[in-house]
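According to mature numbering (1 follows the signal peptide of the UniProt record, and there is no 0), the residues represented by the sequence shown are -33 to -1, 1 to 485, in order. Where a beta carbon is used, it is the ideal one built from N, C-alpha and C, also for glycine. Computed from a predicted model, the values in this text were never measured in an experiment.
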Amino acid sequence: MMRRAVAVNSAMSALKLLAVFFLTFGFSQHAESADAPSRNPLLQAYHAEEKAENGSRKHFDTKPLTSYDLTLRQTISMTRELWRLVDSQLTTYADDFDLEEANRARAHRYIGHATLLLESRLRAMDELLGLAEIRRKKLQALGARLQQQLADLQHPPNCAQAPLLIVRFTKQDCEFLCQVRHVTLALSLGLALNRTVVLEEGAGKGQSPQHPGWIDLFLPMSKCTSYDGVAGQNMVLESDTPLEPAIAPPALPFDWAEELADLHGNAYAWFRGQMLVYLWRYRDANKRQRLDKRIEQLRRAAQTEAGNWTNFRPPLAGLDIRQLLPQKSRNEYQLQLERFFEYKHMEFQVKTDLREDPWEGPGARHVFLTTDDPGLEARLRADHPDYKIITLGPTANTLEDRVAEVFLLASTEFLICSLRSTLCRSAYELMLADNTINADASLQVHSVDTVYSNEGDQPRWWSLVNNFEAAGLKMGDAVMVDGFNLEGFLKVLQADGNSDGKFLPAFMLQEELIRIQK
């Protein structure tokens, strides 16, 4: 009895401190930086509209939660953010509350375990009801429809009469993935503007037959060329100029926004991923087969390790690490990897009713790694013998290998990376667009430094999902996210002319979908 009493008292002392975070929502003030001038002669009035928009308080209409998909996403997201917030507050205020490290670590384990259990059961409920599969099939059908719409627009009956959007690369240091992102942006704009997208003559080509460009690897985007179209009516999209806010990312064509609003948690990223699917269609069928074989081998290895359970997707994480990241962000990679594998352990127990999972031994946790750090793979193997680190190898530096890295990252179940990285963003978008295996995978990424965004984004709006009196905000009030914090907060700016920023708990915010009006 004495041993049990000591254990219970220690647990209770740790659990009492979980309430600390409810008392510690501070709001730090920050100045807003000045905007850079607009330089695009095609697309006008950016700053005048933005200042007018910011001059009055902005509010979104609220409505009862009637969408199961939206409610599920919000609940899973809130569960994750709650864990991050509680954990950060336990660390921040440990000294103020005379909290010993052992008790802090115990409380960390309790809240981490509880939130993972909750998420695993929410997802199990989704699958048991058959709604996850219904969602996947809906997205797959929408993807096929969008691919057909792209193909029709890119191959008009008469190129001489087709309105064109001509892509021009003006950045000197804009290489492969930079150019690809610019083209996928152009394709999304082409759909909104009903224009066929073509590359300027010579764009994307290689330096020699021995060093082909990316346009030599993939099928042509269009049967039209930059010499086609009606003289004086073609538009040119350069790679270093801002867009008119009404059509700038992450705005979606109105009809597609209506289709995706409740169905998907990151509708624009899914839409942009479909542009990448269309762009990256291999010319050479043998090269596509080689890529498919790599993807199959990656997934099959993880499946074999998991014992070939037909109703269970084995744990396979994607990890993209860049050398320039600060140490704090690097530590975040390890934490999120461990949390993903712990979640898969709980998911396995829910689906199989077995106490032990098959990937607890050395080298059983599969991680596909991409990095620009030549020594990272060896360090990870040494520090984590339970991980099986998979890469394309040190000699994999061809254009085909770079494309394969993006596809292989997208073929994992959970991405941990920096969404500032063009490689990571592209992999995330491809993952969302792969609805042969994924339903809504918008929450299957953890970025160590920023939220998902794109070059040239227009002001993006988040609304409060509930009243938050401490900040003087009501449900539906609009804010712009101005920064990212690893500890469960987002830095926001209010739309009332106030240039001061404050940090709000991330679980209080829901991003609003931006529609391109008809």
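Cα-Cα separation, residue i to residue j
i           : j           : result
residue 362 : residue 473 : 41 angstroms
residue 218 : residue 419 : 14 angstroms
residue 191 : residue 150 : 15 angstroms
residue 108 : residue 350 : 44 angstroms
residue 120 : residue 97  : 35 angstroms
residue 158 : residue 300 : 37 angstroms
residue 394 : residue 379 : 10 angstroms
residue 455 : residue 60  : 15 angstroms
residue 156 : residue 67  : 55 angstroms
residue 214 : residue 444 : 23 angstroms
residue 44  : residue 173 : 43 angstroms
residue 41  : residue 89  : 11 angstroms
Closer than 9 angstroms to chain D by CB, residue i
i           : result
residue 164 : Absent from the structure: chain D. Only one protein chain is present.
Proximity to residue i [Cα-Cα], best of the options
i           : options            : result
residue 143 : 180, 290, 125, 350 : 180
residue 75  : 65, 41, 88, 55     : 55
residue 91  : 318, 213, 251      : 318
residue 414 : 483, 303, 134, 64  : 303
residue 250 : 287, 183, 223, 38  : 183
residue 470 : 38, 52, 240        : 52
residue 125 : 141, 162, 148      : 162
residue 35  : 93, 79, 62, 167    : 93
residue 49  : 334, 187, 86, 396  : 86
residue 406 : 202, 306, 103, 434 : 103
residue 240 : 37, 391, 433, 449  : 391
residue 118 : 188, 178, 78       : 188
Other residues of its chain near residue i: CB distance less than 8 angstroms, five sequence neighbours each side excluded
i           : result
residue 146 : 136, 170, 171, 181, 206
residue 82  : 46, 47, 49, 50
Three-state secondary structure (DSSP) of residue i
i           : result
residue 419 : coil
residue 320 : coil
residue 355 : strand
residue 168 : coil
residue 391 : helix
residue 313 : helix
residue 493 : Because residue 493 is not part of the residues shown, which for the chain are -33 to 485, the question remains open.
residue 135 : strand
residue 338 : strand
Cut-off 6 angstroms between Cβ atoms - residues of its own chain near residue i, not counting five sequence neighbours on either side
i           : result
residue 408 : 398, 399
residue 447 : 426, 460
residue -1  : Note on residue -1: pLDDT 30, under 50, position unreliable in the model; the coordinate value appears next. Nothing listed; no residue qualifies.
residue 255 : 249
residue 338 : 288
residue 154 : 164, 242
residue 269 : 281, 283, 333
residue 106 : 402
Sequence-distant residues of the same chain with beta carbon closer than 7 angstroms to residue i, five excluded per side
i           : result
residue 223 : 238
residue -7  : Caution is warranted here: a pLDDT of 31 is assigned to residue -7, below 50, making its placement in the model unreliable, and no coordinate value can be reported.
residue 167 : 133, 134, 135, 193
residue 308 : 282, 332
Exercise for the section: Examine the Cβ distances between the stretch 177 to 196 and the stretch 122 to 131 and report whether three or more of them are shorter than 8 angstroms. Expected result: Output reads yes: the stretch 122 to 131 touches the stretch 177 to 196.
Problem - the stretch 365 to 380 contacting the stretch 262 to 271, beta-carbon criterion three pairs below 8 angstroms - result: The stretch 365 to 380 makes contact with the stretch 262 to 271: 3 or more CB pairs, one atom from each, lie closer than 8 angstroms.
Exercise for the section: Would you check if the stretch 376 to 396 and the stretch 347 to 359 touch, i.e. whether three or more CB-CB distances between them fall below 8 angstroms? Expected result: With a cut-off of 8 angstroms, the stretch 376 to 396 and the stretch 347 to 359 do not count as touching, because too few Cβ pairs lie within range.
Practice task
Evaluate the contact criterion for the stretch 106 to 124 versus the stretch 335 to 355: three or more CB pairs, one atom per stretch, below 8 angstroms.
Solution key: Because the criterion of three Cβ pairs below 8 angstroms is not met, the stretch 106 to 124 and the stretch 335 to 355 do not touch.
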